[in-house]
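Undergrad: Here it is: the structure, laid out below.
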Amino acid sequence: MNILKGEPLNDINESNKEDIKACIQQLHRAGLASNDIHAGNFIRTPSGELRIIDLSCKGSLKICQANDILVLQNKYHMNIEGQGLVYKLIQLKEKFRRLSRKMRGK
């Protein structure tokens, strides 16, 4: 296990959105996923690089990657494109979930 030196992010905002997006895209290209995206899981190294820690992907990699993309889109309003059948199915499931909650008044 490597020790990563740096400072955790306080929040995800306009000043670091592009770095976070690039970090997640690089993670996905490496065949990994976070499945737990929040500011506390990112560290800014002394050299200025943004690194992700605490990878929590359990289960299907494609589902975890789709969840990462949807969190970036829906919670943090990032312009990032999801691809593939699994992403489309997870996206559809989330739309149904929101509609169901709206209909139940939640």
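0 is the number of the first residue of the sequence shown in numbering that gives the first Met the number 0; add one for each residue after it. Backbone N, C-alpha and C define an ideal beta-carbon position, used for all residues, glycine too.
#1: Going along the chain, which residues of its own chain have a beta-carbon closer than 7 Å to the beta-carbon of Q72, five neighbours each way excluded?
#2: Between L8 and A38, is the Cβ-Cβ spacing less than 7 Å?
#3: Based on the DSSP secondary-structure assignment, which residues constitute the bridge partners of I51?
#4: Does D67 pass the burial test, meaning 16 or more other C-beta atoms within 10 Å, or should it be called exposed?
#5: Whose C-alpha, out of L84, L88, E6, is nearest the C-alpha of S46?
TA: In this structure, then:
#1: Position 73 of the sequence shown, counting from 1, holds the residue named residue 72. Taken in chain order, the residues that qualify are I79.
#2: Position 9 of the sequence shown, counted from the first residue, corresponds to residue 8. Position 39 of the sequence shown, counted from the first residue, corresponds to residue 38. Cβ distance < 7 Å, so L8 and A38 count as in contact.
#3: By one-based count along the sequence shown, residue 51 stands at place 52. Bridge partners of I51: F41.
#4: Position 68 of the sequence shown holds residue 67. Counting Cβ neighbours within 10 Å, D67 comes out buried, since at least 16 surround it.
#5: Numbered from 1 along the sequence shown, position 47 holds the residue referred to as residue 46. For S46, the nearest C-alpha among the options comes from E6.
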